[in-house]
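Asks: Right, I'll just put the structure down here and ask away after.
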Amino acid sequence: GWVTVCELINNCLVQVFSMALDSNEGRGEGEEDEAVERLLGIKYTIAELANEQVTELLRSKGIDVSTWWATIDNYEFNIYGTNGQYTIVGDAYLIAGERHVTELVNNVRDATTKHPEKFPGKVVIVVFTKRVLPSVVEFARAMGVWLVSPYGEETEFPT
19 GWVTVCELIN
29 NCLVQVFSMA
39 LDSNEGRGEG
49 EEDEAVERLL
59 GIKYTIAELA
69 NEQVTELLRS
79 KGIDVSTWWA
89 TIDNYEFNIY
99 GTNGQYTIVG
109 DAYLIAGERH
119 VTELVNNVRD
129 ATTKHPEKFP
139 GKVVIVVFTK
149 RVLPSVVEFA
159 RAMGVWLVSP
169 YGEETEFPT
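Below, the structure is given as structure tokens:
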């Protein structure tokens, strides 16, 4: 099941990080680091899944917002979209922790202060996680963050 999949993903990440560290030795400037590219591929695959899931959940609520990656004031958000009424902004993780939620909330607050024009309407902060930890569900709920997984909504959509 999902536990086995998460274990396989975790093992793969450990190997990729190890390869990335090993491959930096003796490399010339400008050479591509294949291990890092593989790691980025995993991250973007999770982000793509997150955007598909978030967009689908929004449509089921009658909210027409498509999300994708965005960089705003040096903050990279793997989930971002707006229709003027709602701005959906967040990030995607294999296993989200409380630190991820806190950091994202702080980054969104900072970005909305500096660039309010990029965040019209109600701002909904969303975290997508492949593996759902019960403590993170409660923490996200307390922070007002919409927590989403491949299984659906783990916390309520903020109204």
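For the sequence shown, my numbering gives the first residue as 19, with consecutive numbering after it.
Even glycine gets a Cβ: it sits at the ideal position worked out from N, Cα and C.
Using only alpha-carbon positions, find the residue among Ile81, Gly80, Gly108 and Tyr104 that is nearest to tryptophan 87.
Replies: Nearest C-alpha to tryptophan 87: Gly108.
Asks: Under the DSSP definition of a beta bridge, which residues are partnered with glycine 99?
Replies: Paired residues: Ile106.
Asks: Would you report the Cα separation of glutamate 171 and asparagine 92, rounded to the nearest angstrom?
Replies: Each residue's Cα considered, the two are about 29 Å apart.
Asks: Using CA atoms only, rank isn't needed, just tell me which of Pro168, Tyr111, Met161 and Phe95 is closest to threonine 105.
Replies: Checked all of Pro168, Tyr111, Met161 and Phe95; the closest Cα to threonine 105 is Phe95.
Asks: By the DSSP assignment, the alpha helix (DSSP H) with lysine 79 in it spans what residues?
Replies: Counting along the chain, lysine 79 falls outside any alpha helix (DSSP H), and DSSP gives it neither H nor E.
Asks: At a cut of 8 Å, does the region 148 to 161 reach the region 108 to 118 through at least three beta carbon pairs?
Replies: Touching, yes.
Asks: Can you tell which of Glu135, Val123, Phe137 and Pro138 has the C-alpha that lies nearest to the C-alpha of tryptophan 164?
Replies: Cα-wise, what sits closest to tryptophan 164 is Val123.
Asks: How should arginine 127 be labelled, buried or exposed, when 16 other C-beta atoms within 10 angstroms of its C-beta is the threshold for buried?
Replies: Exposed is the call here.
Asks: Please give me, in chain order, every unbroken run of the beta strand (DSSP E) with length at least 3 that falls completely inside the region 102 to 174.
Replies: Segments of the beta strand (DSSP E) lying fully in the region 102 to 174: 104 to 113, 140 to 149 and 164 to 167.
Asks: So for threonine 89, helix, strand or coil by DSSP?
Replies: Strand, per DSSP.
Asks: Under 6 Å Cβ to Cβ from alanine 129, same chain only, skipping five residues before and after it: list those, please.
Replies: Ile90, Asp91 and Tyr93.
Asks: Expressed to the nearest angstrom, what Euclidean distance is found between the alpha-carbon atoms of glutamate 174 and phenylalanine 157?
Replies: Distance between the alpha carbons of glutamate 174 and phenylalanine 157: 13 Å.
Asks: What separation, rounded to the nearest whole angstrom, lies between the Cα atoms of proline 134 and valine 119?
Replies: Their Cα atoms are separated by approximately 21 Å.
Asks: Taking a contact to mean a Cβ-Cβ separation below 8 Å, would you say asparagine 101 touches valine 83 in this structure?
Replies: Contact flag set, yes.
Asks: Is it buried or exposed, glycine 139, if we count other Cβ atoms within 10 angstroms and call 16 or more buried?
Replies: Exposed.
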